[in-house]
Amino acid sequence: MPPILTSRRLVYANSKWRAYADDLRGDGTTVDGYLVVEPMHAGPDMVTGVAVLGETDGRFALLHNHRHPLGQRSWEMVKGFIDAGENPADAARRELTEETGLACDPEDLVPLGSFTPEGATMAARGLLFLARRCRPSGRPDTAAAISGTVPDGSGPDEIEIGLGATTLFDLETVERMAGNSEIEDAATLIGIYRALAWLKRECRETTPNTSS
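As structure tokens, then:
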């Protein structure tokens, strides 16, 4: 049986999150002050945000963000909150353009399912997308990213503190980075492996069967 919530105390809140200390009672055990973090605004099924892997000409867009709690940079997909009343697919395309300058047509956005960022503490769920056939939206840093001339750490920090530059990697490099822990972000790893599985299925379905 799941534990029984006996009391809940709000211990912190900001514009995006609330943190609670929950007291729980189980079969012969109790836990005081169990930390639960939940978003200020969540949709059905606790859906709070999106994560998007952009693709253009067979290369995949990753951001080299600085993460304050880790004290280091992290290769990540585009991620962001869904605004109140916003469709998740629209949020995915908006975040993609805001953070990378890449644009994607609605028909090229592939849903890759959901994920829970940290089920032990966070009452939240995210949706994953693959954005295919992306194109530059006209932002100067996007053109530089596509040409491979963006210096590390020169992302649009005015949009979000710590937001890093966009770099495009070929499929082989992304697989290597995921496999050797150059990419550690959980949502990004889940998104990459689901995108790879989708692309492999798409390749099989579109490749003519020449066997007799």
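Taking UniProt numbering, the leading residue of the sequence shown gets 1, the next gets one more, and so forth. No residue lacks a Cβ here, since even glycine has one placed at the ideal position from N, Cα and C.
Would you report the Cα separation of residue 103 and residue 43, rounded to the nearest angstrom?
25 Å
Counting contacts by CB-CB distance shorter than 9 Å, is residue 20 in contact with chain E?
Given the protein chain composition of this structure (a single chain), no chain E is represented.
Starting from residue 200 and walking both ways along the alpha helix (DSSP H), at which residues does that stretch end?
186 to 206
Within 10 Å of its beta-carbon, does residue 204 have 16 or more other beta-carbons around it, so buried, or fewer, so exposed?
exposed
What separation, rounded to the nearest whole angstrom, lies between the Cα atoms of residue 151 and residue 169?
Confidence at residue 151 is low in this model, with a pLDDT of 47, below 50, so its placement is unreliable and no value can be given for it.
Would you list the one or two residues that DSSP bridges to residue 11?
For residue 11, which the question treats as bridged, DSSP gives no partner whatsoever.
Beta bridge counterpart(s) of residue 49 as assigned by DSSP
81, 126
For the beta strand (DSSP E) that contains residue 19, what are its first and last residues?
17 to 25
I'd like to know whether the C-beta atoms of residue 101 and residue 166 end up nearer to each other than 9 Å.
yes
Got a sec, what are the start and stop residues for the alpha helix (DSSP H) residue 88 sits in?
88 to 100
Mind the definition here: the stretch 23 to 40 touches the stretch 110 to 128 only if three or more C-beta pairs lie below 8 Å; say whether that holds.
yes
Rounded to whole angstroms, what's the CA-CA distance from residue 99 to residue 78? Just pull it up for me.
7 Å
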